[in-house]
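Numbering (the numbering used here), first residue to last: 1 to 139. Read through the structure below, which is laid out as structure tokens, and then see the notes.
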Amino acid sequence: MKHPTLLAASALLVLAAPAVAQEGAPPPALDETPMVEPELDLQQTMAMRCSIAFALVADWQADGEAAGDAYPPIEDRGREYFVRTMARLMDETGMDRDQLRVVLDREVGEVQAGGMTDEIMPACLVALEDKIEERFLHK
């Protein structure tokens, strides 16, 4: 089952692309060549999975589910982490939004099917704090 926040997060991919690329760009040509999914390295995979875990936890917290009580409020910081991570992955891998959505959908399935949210959240929270500190130190 997909969560509303994950769907909304997917929609945020549009915001992660430069505005110039969105304006006046011709529609993509229909290509019958199958889309090739770029492989993510371990760090990229974990960043994407943390983004997904943050979205799931934010959903739990918004819905008042007990599972969300185990974590600090995550919605705003998690959303920012998600958007920045997706933009970084597009830059690092050369993926376009459609390719990124395919990889994101695959990883959502992995995280949900494996029930790994609680398993990865401690490391993800450390990564989130590191990103926040990094952002403030480099201003």
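Cβ coordinates follow ideal geometry from the N, Cα and C atoms, glycine included. Keep in mind it's a predicted model, so treat the numbers as computed, not measured.
Taking a contact as a CB-CB distance under 8 Å, the pair residue 49 and residue 119 does not count as one, their CB atoms being some 10 Å apart.
Note on geometry: alpha-carbon atoms of residue 87 and residue 51 lie some 12 Å from one another. Non-local beta-carbon contacts of residue 96 in its own chain, meaning distances under 8 Å to residues more than five positions away in sequence, involve 90 in chain order. Nearest to residue 85 by alpha-carbon distance, out of 72, 100, 74, 112, is 100. Its Cα nearest to that of residue 44, the residue 81 stands out among 81, 61, 112. Distance from the CA of residue 71 to the CA of residue 65, rounded to the nearest whole angstrom, comes to 12 Å. Less than 9 Å separates the beta-carbon of residue 75 from that of residue 58. Rounded to whole angstroms, the separation of the alpha carbons of residue 124 and residue 73 is 14 Å.
Across the structure, residue 127 and residue 77 are spaced so that their CA atoms are roughly 11 Å apart. By the C-beta density criterion, residue 42 is exposed, having fewer than 16 other C-beta atoms within 10 angstroms. From the listed residues 63, 55, 110, 105, the smallest Cα separation to residue 83 is found for 55.
When only Cα atoms are considered, residue 62 and residue 79 end up about 13 Å apart. Judged by their CB atoms, residue 111 and residue 40 are not nearer to each other than the 9 Å cut-off.
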